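Chemist:
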Amino acid sequence: MNIESKLSGHWTDEQLIEHLYGIGPEGNHVEECGDCRERLSRMVAARRAIEAECAPLEQVPFDLLAAQRRSIYARLAQRPAARLGLRMRQWAAAAAMIALLGGGAFLYEQNQRQQALQNKVTDAQLAQEVSAIAQASEPNSTAPLQELFVE
Ligand SMILES: [Zn+2]
């Protein structure tokens, strides 16, 4: 309910909907007011459209649905080759994915190994340099502490 329609005296959408379902507000504003009557008739039309769309579904007899379902199952059963084909495609997709992942892992591993080879010398040098610096700059008091971190 908005203030504007309260001031103008027009019914809100909510009030019109309530009127539509027979629980609306007291009074005959909707009969006297052209604006609200038009809005109401639009709502009625919309509701009819929705009901028309839903009603056929509700009215479809259960037997018809059952028959439809049976015919679908029958058609599926008649095409085992097609289903097998689908399953094969799924397997092929899965296999391709596994191959892709495996290939990716292999490439990654190779790359790592190459990098390790390239870095080997520099890593060793770096470690030596770092330990030399550490030994040179480390005060004696921290030596026992360092032992805690040696594995
Ligand atoms: Zn009105």
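Note that our numbering has the sequence shown beginning at 114, numbered continuously upward.
For each residue, glycine too, the CB sits at the ideal point set by N, CA and C.
These numbers were taken from a predicted model, which means no experiment stands behind them.
Less than 8 angstroms between the beta carbons of Gln133 and Cys149, yes or no?
Modeler: It is Leu, not Gln, that sits at residue 133 in the sequence shown. Contact: no.
Chemist: Alpha carbon to alpha carbon, what distance is there between Ala209 and Ala180?
Modeler: 40 angstroms
Chemist: So which residues put a beta carbon under 5 angstroms from any heavy atom of ligand 1, going in chain order?
Modeler: His123, Cys146, Asp148 and Cys149
Chemist: Does DSSP put Gly122 in a helix, a strand or coil?
Modeler: coil
Chemist: With Glu145 as the anchor, note down where its alpha helix (DSSP H) starts and where it stops.
Modeler: His142 to Glu145
Chemist: Rounded to a whole number of angstroms, what is the C-alpha to C-alpha distance between Ala207 and Pro174?
Modeler: About 42 angstroms.
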